[in-house]
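This report concerns only the one structure given below.
This is the structure:
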């Protein structure tokens, strides 16, 4: 059987800024300044559902969700963390971890499908990716 | 410190049918015939975020998500599983595991906040709860 390498879905790539790789997942920052929004993409080819992961990797994924959620939660003004694995549009398994504020652009509804992304400015994006990238080597 | 018992949020109770208890979570069937939709509520008092769980319980929660997702996925006509922990309206930590079909009432958007629930008929509800309850003793 040929070895199939992990390749990030081009739609995920186009809508995010790359942060780096955790033990299991590629960490992405959604390019939408309306919400502090990170995405974890387990780096195995062909994954669609959480149950496609082996139990050991599911535990790893959960710990990476917790790491990212913990980081988001300690940011100023964050009222709630939303975690979601949907994949109705992009099938490649990816987990959203989103910081929500009461009264934000989609509150109290979900962020998925809500309005139009507002891309970060270049300086803001660089600063945020720099901050998030501290998670990579912890 | 007084021991505080787990009490299911009354809004979750009102919108669901109780199935039973897994090792960590109470398992509920959302009373919405538009989507096969289960909810896991970890049975510790005071939980709001996934990171409020200890690492061991996070692993347990992930395995209960996988158990439920696996069961939903093998049902006829299911195209995608959606998993979400939002809590913007009901703060008590709960995880949605929803079977999606291409063209369903909210496709490809999220189910949360989409339209109005269509309650099950009594016989249908009893049958489904019976089927789901087989997950309890596995």
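Chains as they are written, first to last, in the working numbering: chain A, 51 to 188; chain B, 51 to 188.
For every residue, glycine included, the Cβ atom is placed at its ideal position computed from N, Cα and C.
- [ ] Could you tell me which residues DSSP puts in a beta bridge with residue 116 of chain B?
- [x] For residue 116 of chain B, DSSP records no beta bridge to any residue.
Task: Under 8 Å (Cβ pairs) to chain A, residues found in the region 107-136 of chain B - done: In summary, the residues of the region 107-136 of chain B whose CB is separated from some CB of chain A by less than 8 Å are 108, 109, 111, 112, 113, 115, 116, 119, 120, 123, 130, 131, 132, 133, 134, 135 and 136, in the order they occur in the chain.
Task: Beta-carbon neighbours of residue 157 of chain A, restricted to chain B and to distances below 7 Å - done: Correct list: 138.
Open item on the list: What does DSSP give as the partner residue(s) for residue 138 of chain B in the beta ladder?
Closed with: Paired residue(s): none; residue 138 of chain B is not in a bridge.
Open item on the list: Quick check: the Cα distance between residue 181 of chain B and residue 154 of chain A, rounded to an integer number of angstroms?
Closed with: Residue 181 of chain B and residue 154 of chain A: Cα-Cα distance of roughly 40 Å.
TODO: Note down, in chain order, every chain A residue with its Cβ under 8 Å from the Cβ of residue 105 of chain B.
DONE: Within 8 Å Cβ-Cβ: 113 and 116.
- [ ] Classify residue 70 of chain A as helix, strand or coil using the three-state DSSP reduction.
- [x] DSSP, reduced to helix, strand and coil, places residue 70 of chain A within a strand of the structure shown.
- [ ] Compile a chain-ordered list of the residues in the region 78-96 of chain B whose CB is closer than 7 Å to at least one CB of chain A.
- [x] Here the close residues number zero.
Open item on the list: Would you say residue 172 of chain B lies against chain A (beta-carbon separation less than 8 Å)?
Closed with: No, no contact with chain A.
Open item on the list: Suppose you measure from the CA of residue 168 of chain A to the CA of residue 175 of chain A; what does that come to, to the nearest Å?
Closed with: Roughly 12 Å separates the two Cα atoms.
Open item on the list: On a Cα-Cα basis, can you pick out the residue from B:115, B:86 and B:77 that is closest to residue 69 of chain B?
Closed with: Nearest C-alpha to residue 69 of chain B: B:77.
Open item on the list: Just to confirm, is the Cβ distance from residue 116 of chain A to residue 101 of chain B under 8 Å?
Closed with: Between residue 116 of chain A and residue 101 of chain B, the C-beta spacing is below 8 Å.
Open item on the list: Which residue wins for smallest C-alpha separation from residue 144 of chain A, given the options A:91, A:118, A:126 and A:87?
Closed with: For residue 144 of chain A, the closest of A:91, A:118, A:126 and A:87 by C-alpha to C-alpha distance is A:91.
Task: Rounded Cβ spacing between residue 149 of chain B and residue 125 of chain B (contact assumed at less than 8 Å) - done: Rounded, the Cβ-Cβ distance is 6 Å, consistent with contact.
Task: Under the three-state DSSP convention, the category residue 121 of chain A falls into - done: Helix at residue 121 of chain A.
TODO: Report yes or no: do three or more beta-carbon pairs, one from the region 101-110 of chain B and one from the region 104-122 of chain A, lie closer than 8 Å?
DONE: The region 101-110 of chain B, when compared against the region 104-122 of chain A, does touch it at the 8 Å Cβ threshold.
Task: Rounded Cβ spacing between residue 122 of chain A and residue 147 of chain A (contact assumed at less than 8 Å) - done: Correct: roughly 6 Å between the Cβ atoms.
Open item on the list: So that I know if they touch, is there some Cβ in chain A lying closer than 8 Å to that of residue 186 of chain B?
Closed with: It does not: the Cβ of residue 186 of chain B has no partner Cβ on chain A nearer than 8 Å.
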